[in-house]
Amino acid sequence: MVIFVEKYNINRGDFIIMKVINVSLVVKPQLKAEYEEFIADLVRNSAQETGNLYYGHFKKLDSDNEYEIIEHWRDQAAVEAHNATPHFQKFLAGVNDYLVKEPEITRLILE
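Per our numbering, the sequence shown runs over residues 51 to 161.
Laid out in structure tokens, this is it:
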């Protein structure tokens, strides 16, 4: 919700329906350094996309090999455009090589 307030002036009447996607990843401990190099391209390019409001990648504080991707998108069209990009397709093709288990994905719509 902070992103909504920061990027849009609700006093001016701006309104969006924001798509939020959280992805939890558990990385093989021996591949952490390689994973962090692999993910950097996705994060850098995704944050610059039209329709992206926020894109972050974080290591969880209570675990040495668990990470979270947090994405905020303007709308479903922005998510679909992101999903078609070369950097996202590269991520899909290679991410499972680094993971202990399938990613856990949570999708939210904020109105």
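C-beta atoms are modelled at their ideal positions from N, C-alpha and C, and glycine is treated no differently. Owing to the predicted nature of the structure, the values given are computational and were not obtained by experimental measurement.
- The beta carbon of Y105 lies closer than 7 Å to those of V93, S96, A97 and E121 in the same chain, with the five residues before and after it left out.
- Per DSSP, S74 is one residue of the beta strand (DSSP E) stretching across M68 to V76.
- Beta-bridge analysis with DSSP links E121 to I71 and Y105.
- Within the same chain, and ignoring the five residues on either side of E116 in sequence, the residues whose Cβ sits closer than 8 Å to its Cβ are S74, L75, V76, V77, K109 and K110.
- Boundaries of the beta strand (DSSP E) around E154: E154 to L160.
- Around the CB of K151, fewer than 16 other CB atoms lie within 10 Å, so the residue is classed as exposed.
- Between the alpha carbons of I159 and E84 lies a distance of about 33 Å.
- In the three-state reduction of the DSSP assignment, L81 falls in the helix class.
- For L142, the three-state secondary structure derived from DSSP is helix.
- Take the alpha-carbon of P79 and the one of A131: they are about 32 Å apart.
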